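Colleague: Residue numbers (the numbering used here): 8 to 298.
Heads up, the beta-carbon is just placed ideally off N, CA and C, and yes, glycines get one too.
Keep in mind it's a predicted model, so treat the numbers as computed, not measured.
1. Hey, would you say residue 84 sits closer than 8 Å to residue 178, going by beta carbons?
2. Does the beta-carbon distance from residue 5 to residue 205 come in below 8 Å?
3. Take residue 254 as the anchor and find which of 184, 105, 281, 195 has the nearest alpha-carbon.
4. Helix or strand or just coil, what does DSSP make of residue 257?
5. Name the DSSP beta bridge partners of residue 123, please?
6. Do three or more CB pairs link the segment 189 to 206 to the segment 97 to 107 at distances below 8 Å?
7. Okay, do the segment 59 to 74 and the segment 212 to 230 touch, 3+ Cβ pairs below 8 Å being the bar?
8. Could you work out which residue in 190, 238, 228 is closest to residue 207 when comparing CA atoms only?
9. Spell out a yes or no on whether the segment 130 to 137 and the segment 89 to 96 are touching, meaning 3 or more CB-CB pairs, one atom from each, closer than 8 Å.
10. I'd like to confirm the pairing. Which residues does DSSP put opposite residue 204 in its beta bridges?
11. Taking residue 82 and residue 174 to be in contact with their CB atoms under 8 Å, please state how far apart those CB atoms are, rounded to whole angstroms.
12. Per DSSP, residue 81 is paired with what?
13. Which two residues bound the contiguous alpha helix (DSSP H) that contains residue 113?
14. Among the residues of its own chain, which have a CB less than 8 Å from the CB of residue 90, if the five just before and after it don't count?
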């Protein structure tokens, strides 16, 4: 049976009590500089392989992820969708006097946030994502770091699924975004993360056309330009990092969607790691621990 469930707001997949501060990761983040974060990987087992899919905005990550999830029994986990699913009011853990702005669809004033949280570093990621969206500004990199402990909890819950509800692997869409995120994720998810990384390349012209054709709210040429430039600066270092530490499958998305998916499927079929994860071939070498 193929699992196509995604982590959009309507999926019913939400973590309980997200973004609580009690975490060994939070304590490290509080005491270490960004450049020194998570240089050693711990022996932690989430219980399920994690596959990354990386690439610039408009490259088709979401479309490809949904196809892969349906065809190979993967759990498509979009970090952005997961956080956005937690922004409808009331946001869990946010006091009523702040949630009233969210209920009204208004920007939460900076002075209100400062009085309650003292600094941006203490604002719960769903609330920070909501406010950045209302202000039409980029989310701070640290927000994604602070979301990692709750993400790990969600992955562990997914790994505990049984029977036909248990996916073969988690397909993590558009994360890590930076090299600091990659090192932090290795610390949170442990040895073997990721089992595999898929890197999608796409020219700016093609990506812009696809991005604008989606017609999503405030997504305009300016938003695309900022996001694409940020991806161009940050993603190559992440891919290079995983080329040294993991297995990477690369594909060019500058063609029709069906052709891109066919090319990706062919490239994946040539990856021993992918074949082991998806059990697409028999192996006489015994079980391989990929997570």
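Modeller: Let me spell this out:
1. Position 77 of the chain shown, counted from the first residue, corresponds to residue 84. Position 171 of the chain shown, counted from the first residue, corresponds to residue 178. Closer than 8 Å, so yes.
2. The requested residue 5 does not occur in the structure, where the chain is confined to residues 8 to 298.
3. Within the chain shown, numbered from 1, the residue matching residue 254 stands at position 247. Considering only alpha carbons, the answer is 281.
4. Numbered from 1 along the chain shown, position 250 holds the residue referred to as residue 257. Reduced to three states, the DSSP call for residue 257 is strand.
5. Here residue 123 refers to the residue found at position 116 of the chain shown. Residue 123 is not bridged to any residue.
6. no
7. yes
8. Position 200 of the chain shown holds residue 207. Measuring from the Cα of residue 207, the nearest candidate turns out to be 238.
9. yes
10. Your numbering for residue 204 matches position 197 in the chain shown. Partner(s): 59, 255.
11. Residue 82 sits at position 75 when you count from the first residue of the chain shown. Residue 174 sits at position 167 when you count from the first residue of the chain shown. That pair is a contact at about 4 Å.
12. Position 74 of the chain shown, counted from the start, is the residue given in the question as residue 81. Its beta-bridge partners are 176.
13. Indexing the chain shown from 1 puts residue 113 at position 106. Here residue 113 belongs to no alpha helix (DSSP H), and DSSP marks it neither H nor E.
14. Walking along the chain shown from the start, residue 90 turns up at place 83. Excluding positions up to five away in sequence, the list reads 132, 133, 136, 154.
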